[in-house]
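**Q** Have a look at the structure that comes next, please.
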Amino acid sequence: MSEPQVSPIPREARAYQGHRAGLITRLFAATIDLVVVVVIMFSIYLGLNGFRFMLNPRTFEFSPISFVRSLLLGSGVAVLYLAGGWMASGRTYGCHVMGLRVVNFRGRRIPPVTALIRAAFCVYFPIGLVWCAASRANRSLQDVVLRTSVIYDWSPLPPWGPGHPDAVALPPD
Amino acid sequence: MDERTEFRKDPGRSPYGDAGTASGELVPARRGPVPNPALVAAAHVALGATTLAAGGVGAVVRRTSELARPITRVALRPPLLPRPLQPVSWLAALANRGAHQQVVALEQVGGLLDALVPMIAAEVLCRLDLTSIVLEQVDLDAIVAAVDIEAVIRRLDLTSIVLEQVDLDAIVAAVDIEAVIRRLDLTSIVLEQVDLDAIVAAVDIEAVIHRLDLTSIVLEQVDLDAIVAHVDLDPIIARLDLPAIATQVIDEIDLPEIIRESTGSVASETMRGVRLQSIAGDEALGRAVDRLLLRRRQRHTEARGLDRLFRGEDQDDTRPPEEK
Numbered sequence: 250m251s252e253p254q255v256s257p258i259p260r261e262a263r264a265y266q267g268h269r270a271g272l273i274t275r276l277f278a279a280t281i282d283l284v285v286v287v288v289i290m291f292s293i294y295l296g297l298n299g300f301r302f303m304l305n306p307r308t309f310e311f312s313p314i315s316f317v318r319s320l321l322l323g324s325g326v327a328v329l330y331l332a333g334g335w336m337a338s339g340r341t342y343g344c345h346v347m348g349l350r351v352v353n354f355r356g357r358r359i360p361p362v363t364a365l366i367r368a369a370f371c372v373y374f375p376i377g378l379v380w381c382a383a384s385r386a387n388r389s390l391q392d393v394v395l396r397t398s399v400i401y402d403w404s405p406l407p408p409w410g411p412g413h414p415d416a417v418a419l420p421p422d
Numbered sequence: 015m016d017e018r019t020e021f022r023k024d025p026g027r028s029p030y031g032d033a034g035t036a037s038g039e040l041v042p043a044r045r046g047p048v049p050n051p052a053l054v055a056a057a058h059v060a061l062g063a064t065t066l067a068a069g070g071v072g073a074v075v076r077r078t079s080e081l082a083r084p085i086t087r088v089a090l091r092p093p094l095l096p097r098p099l100q101p102v103s104w105l106a107a108l109a110n111r112g113a114h115q116q117v118v119a120l121e122q123v124g125g126l127l128d129a130l131v132p133m134i135a136a137e138v139l140c141r142l143d144l145t146s147i148v149l150e151q152v153d154l155d156a157i158v159a160a161v162d163i164e165a166v167i168r169r170l171d172l173t174s175i176v177l178e179q180v181d182l183d184a185i186v187a188a189v190d191i192e193a194v195i196r197r198l199d200l201t202s203i204v205l206e207q208v209d210l211d212a213i214v215a216a217v218d219i220e221a222v223i224h225r226l227d228l229t230s231i232v233l234e235q236v237d238l239d240a241i242v243a244h245v246d247l248d249p250i251i252a253r254l255d256l257p258a259i260a261t262q263v264i265d266e267i268d269l270p271e272i273i274r275e276s277t278g279s280v281a282s283e284t285m286r287g288v289r290l291q292s293i294a295g296d297e298a299l300g301r302a303v304d305r306l307l308l309r310r311r312q313r314h315t316e317a318r319g320l321d322r323l324f325r326g327e328d329q330d331d332t333r334p335p336e337e338k
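Residue numbers (our numbering), protein chains in the order written: chain A, 250 to 422; chain B, 15 to 338.
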């Protein structure tokens, strides 16, 4: 039996904790993640050009931006960013802002391979997210295929960690 | 027997009618049935005649004895005769012999009476109703009035008599103890008659306290609010080590962690508002889609395996969002 703790989650939001998120919240999170990826891409662009400027400042010019290359590179960055966030804490920055967390069918952290596949699935087939609006369980196509869930979890610590307000001993994988 | 009780003036019962009433003669006091007045009168006449005759005979005898006394004296003690030969000596011998025979006869009669009287008395008593006789003939009130009751009581051991003869339990069972108690001023009786100090000194106070549920007694009988209202809390608070208590409480609840979590997860009211608005948008969109798809059952958005994880997150309202 866990000791009673003071929950930092507002009272009006506690009833939703652990429930799968809907399309609106997930779109907001995806939008924020997209902005993050764009910022990362822009940072990479500036970083590469700055490195080039340091090597040859006289003949330096900003490298031209190729849409296809940027799209390919951006998708790769997005896959790594999403997969890294989900593997680390179950959430990306967009999920962190919107209070979401990606968990597997046991409610625990998704494994790296599943995280990579899900990230690629989301990046290259984003329309699958719309399925959560039609799903009776608020599950996107990626969630249905990979048996994952995106839940409301406003706690900054993952539920499988000791610091979570309601952390309990989950069954082993 | 006292004449006042043996006889009384009773004109109504006189056997001589009104004349007797006028004379005021004393008649025996009787409680039994009144005898035939004619027989009583005849008996009184016979008694009077007998008395008169006896008086006459007595007078004749006295006169005759006075006249014959000198002759009798000479006849009993003739002169010139020795004393043993005188008639008076013979008479003395006869008297001695008679006295001896009287003693013997009394002894014989006494023995005979000793044997007969109890038998006769028993037979007589068997045929008599002594109780009714006593009740009719004896003035019990006068007898009881003459008895020294106090002396009798002093000679009796009333305590042992009561203990042996009286069923005290039955008597006590019939007594209305409550009525008796109500009539008594028990407080004054106890205060005057009982040595309360000695009783209290003999009481095992600790045993009494152990048998009492002091907590419930205090909760039911004592106005704790009134007591606390009279308590001066300032000295008590001054004796407390408030900084140490505050430090202990902060350590127990891990206040820094709570502050960190609160500021880290729900950074601002704006963030919380955006999240709640997005949740409301999710629900609205879900309801709209369900209506569009003609769904009647509600969505099951609780993730499997997480019910235990988030159980008790909101103990005041654990209903799923769709049911609210």
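Think of the CB as a built atom: it goes at the ideal place given N, C-alpha and C, for glycine as much as any other residue.
Keep in mind that this is a model prediction, so the values were computed, not measured.
So for residue 353 (chain A), helix, strand or coil by DSSP?
**A** Residue 353 (chain A): strand per DSSP, three-state reduction.
**Q** Would residue 293 (chain B) count as contacting chain A if we go by Cβ distances under 8 Å?
**A** Cβ-Cβ to chain A under 8 Å: yes for residue 293 (chain B).
**Q** Exposed or buried, which one is residue 353 (chain A) when buried takes at least 16 other CB atoms within 10 Å?
**A** Buried is the call here.
**Q** For residue 293 (chain B), is the classification buried or exposed, using 16 other Cβ atoms within 10 angstroms of its Cβ as the cut-off for buried?
**A** Classification for residue 293 (chain B): buried.
**Q** If you scan the segment 93–155 of chain B from start to end, which runs of the beta strand (DSSP E) of 3 or more residues do you find wholly inside it?
**A** Counting whole runs of 3 or more residues, the segment 93–155 of chain B contains no beta strand (DSSP E) stretch at all.
**Q** Exposed or buried, residue 347 (chain A), counting other C-beta atoms within 10 Å across all chains shown (16 or more means buried)?
**A** Label assigned to residue 347 (chain A): buried.
**Q** Output the distance between the C-alpha atoms of residue 36 (chain B) and residue 59 (chain B), rounded to the nearest integer angstrom.
**A** Legend: pLDDT at residue 36 (chain B) = 43, less than 50; position of this residue unreliable, no value from coordinates given.
**Q** Return helix, strand or coil for residue 341 (chain A), following the three-state DSSP convention.
**A** DSSP places residue 341 (chain A) in coil when its eight states are reduced to three.
**Q** Taking only beta-carbon positions, decide if residue 309 (chain A) is within less than 8 Å of chain B.
**A** False, the Cβ-Cβ gap to chain B never drops below 8 Å.
**Q** Anything in chain B within Cβ reach of residue 272 (chain A), meaning under 7 Å, just list it in chain order.
**A** Here the neighbours are 296 and 299.
**Q** What is the rounded straight-line gap between the Cα of residue 376 (chain A) and the Cα of residue 287 (chain B)?
**A** One C-alpha to the other measures close to 27 Å.
**Q** How long is the line joining the alpha carbons of residue 192 (chain B) and residue 140 (chain B), rounded to whole angstroms?
**A** Distance between the alpha carbons of residue 192 (chain B) and residue 140 (chain B) is about 51 Å.
**Q** Specify the secondary structure class of residue 316 (chain B) as computed by DSSP and reduced to three states.
**A** Here residue 316 (chain B) sits in strand by DSSP.
**Q** Kindly give me the distance between the Cβ atoms of residue 397 (chain A) and residue 367 (chain A), rounded to whole angstroms, as I take these residues to be in contact under 8 Å.
**A** Between residue 367 (chain A) and residue 397 (chain A) the Cβ distance is about 6 Å, and since that is below 8 Å, they are a contact.
**Q** Helix, strand or coil, according to DSSP, for residue 203 (chain B) in the structure here?
**A** In this structure, residue 203 (chain B) counts as helix in the three-state DSSP scheme.
**Q** Step through the CB atoms of chain B and report whether any lies within less than 8 Å of the CB of residue 422 (chain A).
**A** Note on residue 422 (chain A): pLDDT 38, under 50, position unreliable in the model; the coordinate value appears next. Residue 422 (chain A) does not count as touching chain B.
**Q** Look at the Cβ atom of residue 289 (chain A), then the Cβ atom of residue 299 (chain B), and state whether they are nearer than 8 Å.
**A** Contact: no.
**Q** Could one say the Cβ of residue 317 (chain B) lies closer than 8 Å to chain A's Cβ atoms, at least one of them?
**A** Taking Cβ atoms only, chain A reaches closer than 8 Å to residue 317 (chain B), which makes this a yes.
**Q** Taking 8 Å as the CB-CB cut-off, is residue 342 (chain A) touching chain C?
**A** In summary, chain C is missing from the structure at hand, where the protein chains are A and B.
**Q** Using the three-state DSSP reduction, which class does residue 242 (chain B) fall into: helix, strand or coil?
**A** Of the three classes helix, strand and coil, the one that applies to residue 242 (chain B) here is helix, per DSSP.
**Q** Just to confirm, are residue 310 (chain B) and residue 387 (chain A) a CB contact at a threshold of 8 Å?
**A** Contact flag unset, no.
**Q** Would you kindly report the start and end of the unbroken beta strand (DSSP E) that includes residue 401 (chain A)?
**A** Run containing residue 401 (chain A): 397–401, per the beta strand (DSSP E) assignment.
**Q** Which residues, in order along the segment 197–222 of chain B, keep a beta-carbon less than 7 Å from a beta-carbon of chain A?
**A** Cβ contacts with chain A: none found.
**Q** Does the pairing of the segment 312–326 of chain A with the segment 273–282 of chain A give three or more beta-carbon distances under 8 Å?
**A** Cβ pair count under 8 Å is below three, so no.
**Q** Mind the definition here: the segment 401–409 of chain A touches the segment 259–266 of chain A only if three or more C-beta pairs lie below 8 Å; say whether that holds.
**A** Contact holds: three or more Cβ-Cβ distances are below 8 Å.
**Q** Which value, in whole angstroms, describes the spacing of the CA atoms of residue 243 (chain B) and residue 214 (chain B)?
**A** One C-alpha to the other measures close to 33 Å.
**Q** Closer than 8 Å by beta-carbon distance: list the chain B residues that pair up with residue 347 (chain A), in chain order.
**A** The answer, in chain order, is 288, 289 and 292.
**Q** What does the Cβ neighbour count give for residue 296 (chain B), buried or exposed, with the cut at 16 atoms within 10 Å?
**A** It is buried - the Cβ of residue 296 (chain B) has at least 16 other Cβ atoms within 10 Å.
**Q** Identify, in the order they occur along the chain, each residue of the same chain with its Cβ nearer than 6 Å to the Cβ of residue 332 (chain A), setting aside the five sequence neighbours on each side.
**A** Once the five neighbours on either side are set aside, the close Cβ partners of residue 332 (chain A) are 364, 365 and 368.
**Q** If residue 378 (chain A) and residue 279 (chain A) are in contact, beta carbons under 8 Å, what's the gap, nearest whole angstrom?
**A** Confirmed, about 7 Å.
**Q** What is the rounded straight-line gap between the Cα of residue 338 (chain B) and the Cα of residue 360 (chain A)?
**A** Caution is warranted here: a pLDDT of 42 is assigned to residue 338 (chain B), below 50, making its placement in the model unreliable, and no coordinate value can be reported.
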